[in-house]
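Chemist:
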Amino acid sequence: MDNSELLQVKTKSSGQVVFVVAGLIVTLVLLSQIGNQTEWTDKARNIGSQPRLWPAIALITMLAGFAIHYRLMRRRKPNALDWVEARRWAEPLEYLLWFLVYVAAVPRLGFMPMSIVFACALTYRLGYRTRLAVGIAALFAIAMVVLFKGMLGVSIPGAQVYEFLPDSIRTFFLVYL
1 MDNSELLQVK TKSSGQVVFV VAGLIVTLVL LSQIGNQTEW TDKARNIGSQ PRLWPAIALI
61 TMLAGFAIHY RLMRRRKPNA LDWVEARRWA EPLEYLLWFL VYVAAVPRLG FMPMSIVFAC
121 ALTYRLGYRT RLAVGIAALF AIAMVVLFKG MLGVSIPGAQ VYEFLPDSIR TFFLVYL
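Under the working numbering, the letters of the sequence shown match residues 1 to 177, in that order.
#1: Excluding five sequence neighbours on each side, which residues of the same chain lie with their C-beta closer than 6 Å to the C-beta of residue 70?
#2: On the CB-based measure, 16 or more other CB atoms within 10 Å of its CB, does residue 85 come out buried or exposed?
#3: If residue 76 sits next to residue 18, beta carbons under 8 Å apart, how far is it from one beta carbon to the other, in whole angstroms?
#4: In chain order, what are the residue ranges of uninterrupted alpha helix (DSSP H) at least 4 long that sit wholly in the stretch 66-153?
#5: Report yes if the CB atom of residue 114 is closer than 7 Å to the CB atom of residue 145, and no otherwise.
#6: Identify the continuous alpha helix (DSSP H) that holds residue 37 and give its terminal residues.
#7: Which same chain residues end up closer than 6 Å to residue 23 when comparing Cβ atoms and leaving out the 5 residues on each side of it in sequence?
#8: Confirm, please, whether the CB-CB distance from residue 110 to residue 159 is below 7 Å.
#9: May I have the straight-line CA-CA distance separating residue 106 from residue 129, to the nearest angstrom?
#10: The alpha helix (DSSP H) that contains residue 45, what's its start and end?
#11: Can you tell me where the alpha helix (DSSP H) with residue 170 in it begins and where it stops?
#12: From residue 173 to residue 162, what does the alpha carbon distance come to, in whole angstroms?
#13: Please classify residue 14 as buried or exposed, where buried requires at least 16 neighbouring CB atoms within 10 angstroms.
#14: Considering only residues of the same chain and omitting the five flanking positions on each side of residue 141, which have a CB-CB separation below 6 Å?
#15: Which of helix, strand or coil does DSSP assign to residue 208?
Below you can see the structure in the form of structure tokens.
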């Protein structure tokens, strides 16, 4: 028997321990910050209109649910399957990071260049490494920029690097790229 068979998810409870403990920790952190993030005001007409009440009720309910779930679990220590499942949950966070870098890069380097770079990079990252696939990704990025800036008229700020271009070229880049 090889290790890949051991790491296959075999039950619906894989990852449950990690999820419940993470939920408890996040809920406790949020509950500890409720005094700083919400207020109790004298202007409220009744207790139901207090800004702190409903977030507090939601967090206390979450805390109780996670605590009861943890208490009723048979196994309370994570094993290898739990960590495999937790890694699966974390995998989409990579794409969040790609998006955040893209959003940070566009105002500095431009919408068109960053769209092409990120489309090609993500295509390559997903395993499509042929010239055709990367070329299609670049064409798709160009089509999206033309659609958003040209046809839909979406206003996207010009890049900081465009400031170094001569005036006539800079105007073209700011309007179309």
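Note that the Cβ used here is the ideal one computed from N, Cα and C, for glycine as well.
Modeler: Walking through what the data contain:
#1: 20
#2: buried
#3: So it is not a contact: roughly 11 Å between Cβ atoms.
#4: 80-90, 93-109, 111-125 and 131-145
#5: no
#6: 34-37
#7: 66
#8: yes
#9: 24 Å
#10: Segment: none, residue 45 is in no alpha helix (DSSP H) and carries neither H nor E.
#11: 167-176
#12: 7 Å
#13: buried
#14: 115, 116 and 119
#15: With the chain represented from 1 up to 177, any question about residue 208 goes unanswered, as that position is not in the structure.
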